[in-house]
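Residue numbers (the working numbering): 14 to 229.
See below:
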């Protein structure tokens, strides 16, 4: 009788070992499921879709919540064939957060007097979020917005035709590019420089954008 009981216990032990091993082998293929199972088994149920498993596309993009008290920064913009440039006038910006969406962008930061700045802008047309970048300077925050549909002029920056009090045209850099014919090397170089240099926010003197060409 004792031999039968011992045999049964050994068989049960082997089955448990096989089960535990199978869970371990599945972990690389279903990490979130296994992690959720293990934490729940310890009495610590965790919600699905934690930050660790955020989408790979723009996974570091902040989720910006509109502050209870804030003010918009003044913005100047100008149009080019491939992109739109927007400069937000903020003196010594800090705690800068920028989120690009296909139809809009959100900016949240503080100025040198700790005033909370918040701008939410719905664009005239859709943009390429992966090729849109920001750069922080001493007195401005520069946005290089890549158009989803190039070679189409934007008559205004925002979707709403009503004029916003904090948006104005940068006439110093505005020009009619529809009939221009050039190789666009200057614009391309500037765009690639911004992509390569903005691994993080860099503070510097605002650039002179007037000599940029209009195609790449």
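For each residue, glycine too, the CB sits at the ideal point set by N, CA and C.
{"Query": "Exposure label - residue 182; buried when at least 16 CB within 10 Å", "Result": "exposed"}
{"Query": "Residues that DSSP places opposite residue 139 in a beta bridge", "Result": "None, per the DSSP bridge assignment."}
{"Query": "Alpha-carbon to alpha-carbon, residue 23 and residue 310", "Result": "One cannot answer for residue 310 here, as it falls past the ends of the chain, which runs 14 to 229."}
{"Query": "Element boundaries [beta strand (DSSP E), containing residue 98]", "Result": "96-102"}
{"Query": "Assigned secondary structure, residue 22 (DSSP; H/G/I helix, E/B strand, else coil)", "Result": "helix"}
{"Query": "Secondary structure of residue 144, DSSP reduced to three states", "Result": "helix"}
{"Query": "Residue 85 versus residue 187: straight-line alpha-carbon distance, rounded", "Result": "23 angstroms"}
{"Query": "Validate contact between the segment 137-144 and the segment 77-91 using beta carbons, cut 8 angstroms, 3 pairs", "Result": "no"}
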